[in-house]
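**Q**
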Amino acid sequence: GDEDLSGLLRRAYEDIRGDPDEVARFCEEEGVRLHDLRDTRPVLLLRASVDDHSVDDEWREAVRSNPLEYEVLAVMVKAGTFCDQGWGNAKGTLGLALYDAGGTLAARCDLFGTYRTPSYSHGDHPGRILGREEEVISMARPGFTYALEYTVGGGGGHSLHVKCLFCKILPLAANEAAESVCPQSCRMQDQEGDAGLFVGPIDTDGKPHGRGELYYDDGCNIFVGEFSHGSMVKGVGYTGTEAKYSMDQGRWNEDINPSIVEEFPYKVAIVSNLTGMYESDGSESQSFVDLTVRNATSFTVHFTWIDDETGEEDDLDFENPMPAGE
């Protein structure tokens, strides 16, 4: 069918998109427009947690996007929690870096400043929206990549701890007639008192009002729906792009309402790094799981086991192509 053909063309394009001449030949041979092959959905980068005790001042990668397929209007970045070791010198930072198609750094933005310094004013749940006045946004081009990065700090004793690190990349409209308005944001709590960063229209009192998204501080959860003067009215709660619960008239439904899910979809391309640490009861080993999902058709998993007595490590990498849609 047309949908299967479109998927085949898209996968063929992904293999050659780094070569503009080859892409042009492909479009001419297949009779398709480049715009029809590109994935113009917003991109969501998600790192579930960072717990790093590295002793240096280098920028370290938390999660990286696939090559961009459009110019960028704005980027929202939010951390559910962000803190350092809580004593001594302060060196922990979070950054957004832009790399060109060859992997060279094009621009980097220190997102919030150094945690626990006198100039730091973002609290334990920092969030902001970067617009095209920032070089890291205006310089983005198709083929470039974004990376959420962080520094821990050299000198000994430093550590950095981050939970639910979100980064949503919004495309610049392809034509002047389309809307290209940088969104607003503010902190809010839902009916149960759970807090997060709202992204969307705001009324004259600075409260969420209209269709928007709430990025929770805990659990890497997202609510997409309708808000009225600071209150959630109707919508869907998501983990990633999976609908978990729905709301109508300000109340959670006992069961997910499919019509509400259809009304409030969360359409993004997700690149996630779901990293956790697990230790079984009474064992003398630890296991680290690093899961990276880069698109709808594949994922990679990296396992590391560390024996506490010997310090020996065993590693296993698993790459699994999946049928589209599963």
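The opening residue of the sequence shown carries number 632 in my numbering; numbering runs sequentially from there.
Where a beta carbon is used, it is the ideal one built from N, C-alpha and C, also for glycine.
This one's a predicted model, so the numbers in the text were calculated from it and none came from an experiment.
1. Does the count of Cβ pairs from the segment 791-807 and the segment 832-843 closer than 8 Å reach three?
2. Is the segment 844-855 in contact with the segment 819-827, if contact means three or more CB pairs nearer than 8 Å?
3. DSSP three-state label for Ile891, please.
4. Can you give the Cα-Cα distance for Met819 and Asp646, rounded to whole angstroms?
5. Which of the three DSSP states, helix, strand or coil, is assigned to Ala710?
6. Going by beta-carbon coordinates alone, are Leu676 and Ser903 separated by less than 9 Å?
7. Judging by CA-CA distance, which residue of Asp886, Gly831, Leu704 and Arg678 is the nearest neighbour of Ser859?
8. Helix, strand or coil for Ser637? Go by DSSP, reduced to three states.
9. Can you give me the start and stop residues for the beta strand (DSSP E) that Asp667 sits inside?
10. Below 9 Å between beta carbons: does that hold for Tyr876 and Ile853?
11. Quick one: is His684 buried, meaning 16 or more other Cβ sit within 10 Å of its Cβ, or exposed?
12. Can you give me the C-alpha to C-alpha distance between Arg648 and Val674, rounded to a whole angstrom?
13. If we count the other Cβ atoms within 10 Å of its Cβ and call it buried at 16 or more, is Pro605 buried or exposed?
14. Once you ignore the five residues that flank Ser769 on each side, which residues in its own chain have a CB closer than 7 Å to its CB?
15. To the nearest angstrom, how far is it from the Cα of Ala721 to the Cα of Asp731?
16. Is the segment 693-711 in contact with the segment 662-672, if contact means three or more CB pairs nearer than 8 Å?
17. Taking Gly843 as the reference, give the member of Phe895, Ala655, Leu729 and Val686 with the closest Cα.
18. DSSP on Ala655, reduced to helix/strand/coil?
19. Alpha carbon to alpha carbon, how far is Asn609 from Gly758?
20. For Gly787, which residues in the same chain have their Cβ closer than 7 Å to its Cβ, ignoring the five residues on either side in sequence?
21. Quick one: complete beta strand (DSSP E) runs, 3+ long, within the segment 792-879?
22. List, from N- to C-terminal side, the beta strand (DSSP E) runs of 3 residues or more that fit wholly inside the segment 717-781.
23. So, for Val783: in the same chain, excluding its five sequence neighbours on each side, which residues have a beta-carbon less than 6 Å away from its beta-carbon?
24. Who are the near neighbours of Ala771 in its chain, counting only those whose CB is closer than 7 Å to its CB and skipping five residues on each side?
25. Whole-angstrom Cβ separation of Asp715 and Gly785, contact assumed at under 8 Å?
26. Let me know the secondary structure DSSP gives Gly650 once reduced to three states.
27. Please determine, among Gly734, Pro814, Arg747 and Leu803, the residue with the shortest C-alpha to C-alpha distance to Thr776.
28. Ala710 and His756 - do their beta-carbons sit closer together than 9 Å?
29. Counting C-beta neighbours from all protein chains within 10 Å, is the total for Gly856 16 or more, i.e. buried, or is it exposed?
30. Give me the Cα-Cα distance between Arg678 and Glu893, rounded to the nearest whole angstrom.
31. For Gly719 and Val663, what's the separation of their Cα atoms in angstroms?
32. Can you name, in chain order, every residue of its own chain whose Cβ lies under 7 Å from the Cβ of Ala874, other than the five neighbours on each side?
**A** In this structure, then:
1. Here the segment 791-807 does not lie against the segment 832-843, with fewer than 3 beta-carbon pairs under 8 Å apart.
2. The segment 844-855 is in contact with the segment 819-827.
3. The three-state reading of DSSP puts Ile891 in helix, counting H, G and I together.
4. Rounded to the nearest whole angstrom, the CA to CA distance from Met819 to Asp646 is 42 Å.
5. Correct three-state label for Ala710: strand.
6. Yes, Cβ-Cβ distance for Leu676 and Ser903 is below 9 Å.
7. Answer by Cα proximity: Gly831.
8. In the three-state reduction of the DSSP assignment, Ser637 falls in the helix class, which pools H, G and I.
9. The continuous stretches of beta strand (DSSP E) do not include Asp667, which lies in the alpha helix (DSSP H) extending over residues Leu665 to Leu668.
10. Remark: C-beta atoms of Tyr876 and Ile853 do not approach each other more closely than 9 Å.
11. His684 is exposed by the Cβ-count criterion.
12. In a straight line, the C-alpha of Arg648 is about 18 Å away from that of Val674.
13. Beyond the ends of the chain as shown, which are 632 and 957, falls residue 605; an answer cannot be given.
14. Counting only Cβ-Cβ distances below 7 Å, and skipping sequence neighbours, we find Arg763.
15. If you take the alpha carbons of Ala721 and Asp731, they lie about 31 Å apart.
16. Between the segment 693-711 and the segment 662-672 there are three or more inter-stretch CB-CB distances shorter than 8 Å, so the stretches are counted as touching.
17. The alpha carbon of Gly843 has as its nearest neighbour, out of Phe895, Ala655, Leu729 and Val686, the alpha carbon of Phe895.
18. In the structure shown, Ala655 sits in a helix (DSSP, three-state: H, G or I).
19. Outside the displayed span of the chain (632 to 957) sits residue 609, for which this structure offers no information.
20. In the same chain as Gly787, and ignoring 5 residues on each side of it, the C-beta atoms closer than 7 Å to its own belong to Val686, in chain order.
21. Runs of the beta strand (DSSP E) inside the segment 792-879: 816-820, 826-830, 841-847, 852-859, 862-870 and 873-879.
22. As far as the segment 717-781 is concerned, its whole beta strand (DSSP E) runs of at least 3 residues are 724-730, 736-741 and 758-761.
23. Close CB contacts of Val783 within its chain, under the 6 Å cut and outside five residues either way in sequence, are with Asp683, Ser685, His789 and Leu791 (chain order).
24. Once the five neighbours on either side are set aside, the close Cβ partners of Ala771 are Leu699, Glu702, Val703 and Leu729.
25. The beta-carbon separation of Asp715 and Gly785, rounded to 13 Å, does not stay under the 8 Å limit for a contact.
26. The question names Gly, but residue 650 in the sequence shown is Asp. The answer is coil: DSSP assigns Asp650 none of H, G, I, E or B.
27. When only C-alpha atoms are compared, the closest one is Gly734.
28. Ala710 sits close to His756, with the two beta carbons spaced by under 9 Å.
29. The C-beta of Gly856 has 16 or more other C-beta atoms within 10 Å across all chains shown, which makes the residue buried.
30. Across the structure, Arg678 and Glu893 are spaced so that their CA atoms are roughly 27 Å apart.
31. Rounded to whole angstroms, Gly719 to Val663 spans 59 Å at the Cα level.
32. Hits under 7 Å: Val867, Ile887 and Val892.
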